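Be aware that the sequence shown starts at 14, since it is given in this note's numbering, and climbs by one per residue. Everything below concerns the one structure shown next.
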Amino acid sequence: MRTSIGYFIIWCMSICSVTGQTDTSFFKVYCFPADKVPVIDGDTRDWDIVPQSYVLGIDQMTEDEGKHNKPDKENLDISVKVGWVEGQNRLYFLYEAYDNYWSFSRDDLMVDIFEVVVDGDRSGGPFIDKFYPFKDISKEDAWNLFHGRQAQNYHIYTPPKRGDWCMYWGPQQWLKEKPFSNYSYKYNFKEGESGKLTLEFYITPFDYASPDGVEYSVESKLCADKLIGLCWAVIDYDNNEGKPKDGFWNLSRHHTMYGNASELRTFKLMPIGK
């Protein structure tokens, strides 16, 4: 009887192992040659060498708050390219978006946002105070001890607000400054108007990001064929009155990817020339 129970447990574990496997597919990060590193100036010509197979658009995303069954590109359309350079620990992004209503005048976070989450060593797991596993400390302590250390979340304003390009979500505010990040925008519209926005930027992923600064932190080492956790969402508001958002378009299959690195998508740093 015990033997039968043992076999049954092993069988159940094997089934759980198979059904619990994560998606083995991956997206690609383009390797720029050392003499063609993108200049962060909003000029998209640096990105013309990136093959179309690297481009991710809104068709790869889902609106996971139930507001839209499929994309309407007359309402919102986006294109994202991601690159890296051998010898650097930076991820370069080109984000291009059309919106029928750009919202960016409010002082809070109820504005159009490109949210980027990165886990440079693909270690997974929760990384925000809300998901701290122990409940015997305050939210403030969880923020200081846990939030943003092993994965990082950037709420990037599209376009910038009063000269500020993003809300880095965590106590490691040094991450949103040079030399760890840089950015450039191009757009020609006012609040409430339609139009196209171009955002070029880079960020530096960290395996361990300390609130006390880079000298207490560990940069993620980027190399060819490495797998990283990466994801983004587009938070779209079609008003500036504090009314509900029009959509939350997510590259992940899980809404809570914003605070759980196990729910990010897998990206592969491609070798040069691939």
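Where is the CB? At the ideal position from N, CA and C, for every residue including glycine. Keep in mind the model is a prediction, meaning the values are calculated, not measured.
Asked                                                                                                                                                                                              : Found
Return the chain-ordered ranges of every beta strand (DSSP E) run that is complete within the segment 26-97 and spans a minimum of 3 residues.                                                     : 40-45
So, for proline 224: in the same chain, excluding its five sequence neighbours on each side, which residues have a beta-carbon less than 7 Å away from its beta-carbon?                            : Asn157, Pro184 and Gln185
Using three-state DSSP, classify aspartate 259 as helix, strand or coil.                                                                                                                           : coil
Return the CA-CA distance between lysine 143 and lysine 152, expressed in angstroms with no decimal places.                                                                                        : 7 Å
Based on Cα-Cα distance, which residue from Tyr250, Asp220, Phe261 and Pro173 lies nearest to aspartate 77?                                                                                        : Phe261
How is serine 197 classed by DSSP in three states: helix, strand or coil?                                                                                                                          : strand
Would DSSP call arginine 278 helix, strand or coil?                                                                                                                                                : strand
Am I right that proline 218 and glutamine 165 are in contact with their C-beta atoms under 8 Å? What's the rounded C-beta distance?                                                                : 7 Å
Rounded to a whole number of angstroms, what is the C-alpha to C-alpha distance between lysine 287 and valine 68?                                                                                  : 14 Å
Starting from the C-beta of proline 51, find all residues in its chain whose C-beta is less than 6 Å away, skip the five residues before and the five after it, and write them out in chain order. : Asp59 and Tyr105
Would you decide whether lysine 256 is buried or exposed? Buried here means 16 or more other CB atoms lie within 10 Å of its CB.                                                                   : exposed
So, using beta-carbon positions, are asparagine 253 and serine 116 closer together than 8 Å?                                                                                                       : yes
Classify arginine 266: buried if its beta carbon has 16 or more other beta carbons within 10 angstroms, exposed otherwise.                                                                         : exposed
Considering only the beta carbon of each residue, do lysine 199 and glycine 55 sit closer than 8 Å?                                                                                                : yes
Return the chain-ordered list of same chain residues with a C-beta closer than 7 Å to the C-beta of leucine 277, the five sequence neighbours on each side being excluded.                         : Val130, Asp132, Gly242, Leu243, Cys244, Ser265 and Met270
Can you tell me where the beta strand (DSSP E) with asparagine 102 in it begins and where it stops?                                                                                                : Neither: asparagine 102 is in no beta strand (DSSP E) and is coded neither H nor E.
Can you tell me where the alpha helix (DSSP H) holding aspartate 154 begins and where it ends?                                                                                                     : 152-158
Does the distance from the CB of phenylalanine 140 to the CB of glutamine 163 come in under 8 Å?                                                                                                   : yes
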